[in-house]
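J.: Residue numbers (this note's numbering): 2 to 803.
For each residue, glycine too, the CB sits at the ideal point set by N, CA and C.
What follows is a single structure, and I will ask about it in a moment.
Rendered as structure tokens:
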């Protein structure tokens, strides 16, 4: 079977090259860039008028078109930019045509500038894909006036979160760990600052944002739910540009400029919160030395060596600090080095090497006041990878992609050192190592003027190694008070240099688009995703303390199969976009936990894990207005996500902890004139499931909750709804009398809704009269709503650019 698949992959690779070798055609290729800053435009359209065919630029603004010999007019267009018509002659040799396009000043007041085709949602073969340009994100009312990419993502169909103060986001019934978040191709493992209130992405440094929820192309792998692909700006290659903002909670500043005009440029962007500085005068006693802040630094440099070679180096470093004598900090670090090489007018290479690290630290003695009595807990996940991606432009009807990746993982699930009167003890989970190898091939084919296909296959292999001199093997013992999961672990000797467990999987991908008219299409897709790493968390919402761990001999990789079907329709000369999608996901090897699972610093945590299957299905409706003074969108999702784990919930299906049946988002922006604009968004979300005791008992005048073993999701937190508004006033000049600036006034949670995050029980406090009347009566429990944000929050921010 494996030999047959290998032969099929070889045929897929060789056949298109043979087709090209037999053709008598020539190629026009080059880059499409913004004339103001030299940035390559993503998804710009190059249309051949005479042949009624065309293509779009890739992530770096590169395009390639192979055509019969002749004279042609190329129409180059992108939303918010002036169309450019270039006449070319393909007579006896290939042609290189680089074009810089200009923003359409007449439309800037009405059209949001972004680099994509106007009818992209209908014409592109992609489905279950959402793209939001930064200009739109910056107009959405935000918490404390700070523009946030992840909060904007949560307003899209199929996307939700467990609640305010929860890290990350959930896509189509997947956990936060099932989202592959890429920053310039390097994975980010925790996308949140301040326990989920802000994301790590500096809006001044972001160029492009794309969320892929289904129909995932073969070049992506390693996660089960979605891909959030974030591309950083390359830096202004024309002139110095400074952007920044001063808000009530943090400030930001970015500087970009050419190193060598039109050949090399850089961008550096930084943010720092100052809650701790503002609060310090009001902190006394034990809280006087409290720290609670975050900061991050984003930087990128690129050098266009020549027409065929460009190199990029980018990095991110961010940290959150929380605590006083007992300190807690966590953060991400990434470094990406990329090389773009044009082998020929038809073959493009993007090779990437990256480093990524996420770690956290708890330290009971940050100030070294008690060196002989301290506690220190560390955990991290670290990556090192090399990844070549090739694109071969066979002809306007076929684009072949192929490549591979070697990805090394180093896991430290948790290591702690405790000191007491000078005596030290080290304990925790053993470090782990794994290497993931993958290779893929895919082809995008225009079968006819109406039908397009995208198909491919990905092969992945995962080798796991334990770095301890022993390893653990799960054995079934039956569910009991001592073993609530029904499993124990046997200890066996281990060779740390030997691969302990290997997994390998084929991951087929398929998408199709059928145009039903010039303004509508039907799309369908299927993809299998395999996820070899896992985020362990048995709390209501993920936190920075959750544990990343590997697939092992006891933990199998997650397998997720998804099918989706959608109808896409544009109206009014692409002024309105509409779509309806349905999807179904089948999830295997899903992880849940026994009732008394101990995940932290436990070398035998694998015995507390329980495994089962899942399903997620839903309907997504989306309508967007692109042009005019009033723009925005409405999205509605009807969805369910459930799990079935033997031994939990009487072995019946139960709702997963991020199951939300109804999600409605309304986003609107209205531009009165060039000086004033307004924004608003409304969100309504059904409550998440929660496990709560069915009653209470008493023992020696103490009250305790009674909960059946394995109960999951027996109650629902009340629904969540919120309205935010904002007003933006543009000024004629910025700092030092140059550039431009604006004031942003916003109110988050306008009507003061106390949205519940979770429900818990506590002993009910007695009034003085109740206590006097029945001094020996048993104290009863009461259910309590926990709200993270319980009031409206006004804010003001000053943004500048020069």
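Exposed or buried, residue 57, counting other C-beta atoms within 10 Å across all chains shown (16 or more means buried)?
T.: On the chain shown, position 56 is the one that residue 57 refers to. Classification of residue 57: buried, given that the 10 Å Cβ count is 16 or more.
J.: Among residues of its own chain, excluding the 5 on either side of residue 195, which ones have a beta-carbon nearer than 7 Å to its beta-carbon?
T.: Against the chain shown, residue 195 aligns to sequence position 194. Only 295, 321 meet the Cβ criterion.
J.: Taking the alpha carbon of residue 581 as the reference point, which residue from 72, 158, 411, 136 has its own alpha carbon closest?
T.: Here residue 581 refers to the residue found at position 580 of the chain shown. The shortest C-alpha separation from residue 581 is found at 158.
J.: Skipping 5 residues on each side, what residues in its chain have a beta carbon closer than 7 Å to that of residue 60?
T.: Within the chain shown, numbered from 1, the residue matching residue 60 stands at position 59. Cβ neighbours of residue 60 beyond the five flanking positions: 43, 232.
J.: For the pair the stretch 462–476 and the stretch 443–454, tell me if three or more CB-CB distances fall below 8 Å.
T.: Not touching, per the Cβ criterion.
J.: Could you check where the alpha helix (DSSP H) with residue 153 kicks off and where it finishes?
T.: In the chain shown, counting from the first residue as 1, residue 153 sits at position 152. It spans 150–154 - the alpha helix (DSSP H) in which residue 153 sits, taken as one unbroken run.
J.: Could you give the distance in angstroms between the alpha-carbon of residue 99 and the alpha-carbon of residue 261?
T.: Looking up residue 99 in the chain shown gives position 98. Looking up residue 261 in the chain shown gives position 260. Taking the straight line from one Cα to the other gives about 19 Å.
J.: Write down the C-beta distance between residue 641 and residue 669 rounded to the nearest angstrom, noting that I regard them as a contact closer than 8 Å.
T.: As a first step, residue 641 must be located in the chain shown, where it is residue number 640. As a first step, residue 669 must be located in the chain shown, where it is residue number 668. Between residue 669 and residue 641 the Cβ distance is about 29 Å, and since that is not below 8 Å, they are no contact.
J.: In three-state DSSP terms, what is residue 132?
T.: Translated into the one-based positions of the chain shown, residue 132 becomes position 131. Of the three classes helix, strand and coil, the one that applies to residue 132 here is strand, per DSSP.
J.: With DSSP collapsed to three states, give me the class of residue 58.
T.: To locate residue 58, count along the chain shown from 1; it is residue 57. Residue 58 falls in the coil class under three-state DSSP.
J.: Can residue 26 and residue 67 be called in contact, C-beta distance under 9 Å?
T.: For the purposes of this step, residue 26 is identified with residue 25 of the chain shown, where counting begins at 1. For the purposes of this step, residue 67 is identified with residue 66 of the chain shown, where counting begins at 1. Going by C-beta atoms, residue 26 is nearer than 9 Å to residue 67.
J.: Rank 310, 509, 331 by C-alpha distance to the C-alpha of residue 1 and give the top, closest one.
T.: Residue 1 cannot be examined here, being either before or after the span of the chain that is shown, 2 to 803.
J.: How about residue 39 and residue 238: are their beta carbons less than 9 Å apart?
T.: Residue numbering aside, residue 39 sits at position 38 when the chain shown is read from its first letter. Residue numbering aside, residue 238 sits at position 237 when the chain shown is read from its first letter. Yes. Within cutoff.
J.: Work out the CA separation of residue 405 and residue 723 for me, nearest whole Å.
T.: Translated into the one-based positions of the chain shown, residue 723 becomes position 722. Translated into the one-based positions of the chain shown, residue 405 becomes position 404. In a straight line, the C-alpha of residue 723 is about 44 Å away from that of residue 405.
J.: Specify the secondary structure class of residue 138 as computed by DSSP and reduced to three states.
T.: Looking up residue 138 in the chain shown gives position 137. Correct three-state label for residue 138: helix.
J.: Consult DSSP for residue 712 and reduce its assignment to one of helix, strand or coil.
T.: Along the chain shown, read from residue 1 onward, the residue named residue 712 stands at position 711. Reduced to three states, the DSSP call for residue 712 is coil.
J.: Smallest Cα separation from residue 212: which of 734, 547, 127, 691?
T.: Counting from one through the chain shown, the residue named residue 212 turns up at place 211. Comparing Cα positions, the closest option is 127.
J.: Looking only at C-alpha atoms, which of 265, 224, 124 sits nearest to residue 54?
T.: Translated into positions along the chain shown, residue 54 becomes position 53. For residue 54, the nearest C-alpha among the options comes from 124.
J.: Can you find the residues in the same chain that come closer than 6 Å, C-beta to C-beta, to residue 189, ignoring five residues on each side of it along the sequence?
T.: For the purposes of this step, residue 189 is taken as the residue at position 188 of the chain shown. Hits under 6 Å: 182, 333.
J.: Give me, in chain order, the residues of the same chain whose beta-carbon lies closer than 8 Å to that of residue 470; leave out the 5 immediate sequence neighbours on both sides.
T.: Here the question's residue 470 lines up with position 469 in the chain shown. The answer, listed in chain order, is 494, 495, 497.
J.: For the stretch 593–606 against the stretch 169–184, do three or more pairs of beta-carbon atoms, one drawn from each stretch, fall closer than 8 Å, so that the two count as touching?
T.: The stretch 593–606 is not in contact with the stretch 169–184.
J.: Rounded to whole angstroms, how far is the Cβ of residue 725 from the Cβ of residue 750, which I believe are closer than 8 Å?
T.: Position 724 of the chain shown holds residue 725. Position 749 of the chain shown holds residue 750. With 8 Å as the limit, residue 725 and residue 750 qualify as a contact, their Cβ atoms being about 7 Å apart.
J.: Using only the alpha-carbon positions, how far apart do residue 615 and residue 644 sit?
T.: The residue given as residue 615 occupies position 614 in the chain shown. The residue given as residue 644 occupies position 643 in the chain shown. Approximately 4 Å between the Cα atoms of the pair.
J.: Residue 344: buried (16+ other C-beta within 10 angstroms of its C-beta) or exposed?
T.: Counted from its first residue, the chain shown places residue 344 at position 343. It is exposed - the Cβ of residue 344 has fewer than 16 other Cβ atoms within 10 Å.
J.: Using 10 angstroms around the beta-carbon of residue 752, count the other beta-carbons present and answer buried if the total reaches 16, otherwise exposed.
T.: Your numbering for residue 752 matches position 751 in the chain shown. Under this definition residue 752 is an exposed residue.
J.: With a threshold of 16 other CB atoms inside 10 Å of the CB of residue 690, please say whether the residue is buried or exposed.
T.: Along the chain shown, read from residue 1 onward, the residue named residue 690 stands at position 689. Buried, by the Cβ-count rule.
J.: Express the C-alpha separation of residue 660 and residue 786 in angstroms, rounding to a whole number.
T.: Here residue 786 corresponds to residue number 785 of the chain shown, with the count starting at 1. Here residue 660 corresponds to residue number 659 of the chain shown, with the count starting at 1. Cα-Cα distance, rounded: 19 Å.
J.: Could you tell me if residue 63 is buried or exposed, where buried requires 16 or more neighbouring beta carbons within 10 angstroms of its beta carbon?
T.: Working through the chain shown from its first residue, we reach residue 63 at position 62. Answer is buried; the Cβ neighbour count reaches 16.
J.: Rounding to the nearest angstrom, what Cα-Cα distance links residue 754 and residue 790 in this structure?
T.: Taking the first residue of the chain shown as position 1, residue 754 is located at position 753. Taking the first residue of the chain shown as position 1, residue 790 is located at position 789. So the alpha carbons of these two residues sit roughly 8 Å apart.
J.: Can you find the residues in the same chain that come closer than 6 Å, C-beta to C-beta, to residue 72, ignoring five residues on each side of it along the sequence?
T.: The residue you call residue 72 lines up with position 71 of the chain shown. Counting only Cβ-Cβ distances below 6 Å, and skipping sequence neighbours, we find 90.
J.: Ends of the beta strand (DSSP E) at residue 505?
T.: As a working note, residue 505 is residue 504 in the chain shown. Unbroken beta strand (DSSP E) run through residue 505: 502–518.
J.: Going straight from the alpha carbon of residue 419 to that of residue 634, what length do you get?
T.: As a first step, residue 419 must be located in the chain shown, where it is residue number 418. As a first step, residue 634 must be located in the chain shown, where it is residue number 633. Straight-line Cα distance between these residues: approximately 53 Å.
J.: Residues in its own chain within less than 6 Å of residue 585 by CB, not counting five upstream and five downstream?
T.: For the purposes of this step, residue 585 is taken as the residue at position 584 of the chain shown. Once the five neighbours on either side are set aside, the close Cβ partners of residue 585 are 564, 618.
J.: Identify which residue in 681, 412, 663 has its Cα closest to the Cα of residue 688.
T.: Looking up residue 688 in the chain shown gives position 687. Minimum Cα distance to residue 688 is reached at 663.
J.: Rounded to whole angstroms, what is the Cα-Cα separation between residue 440 and residue 462?
T.: For the purposes of this step, residue 440 is identified with residue 439 of the chain shown, where counting begins at 1. For the purposes of this step, residue 462 is identified with residue 461 of the chain shown, where counting begins at 1. Taking the straight line from one Cα to the other gives about 9 Å.
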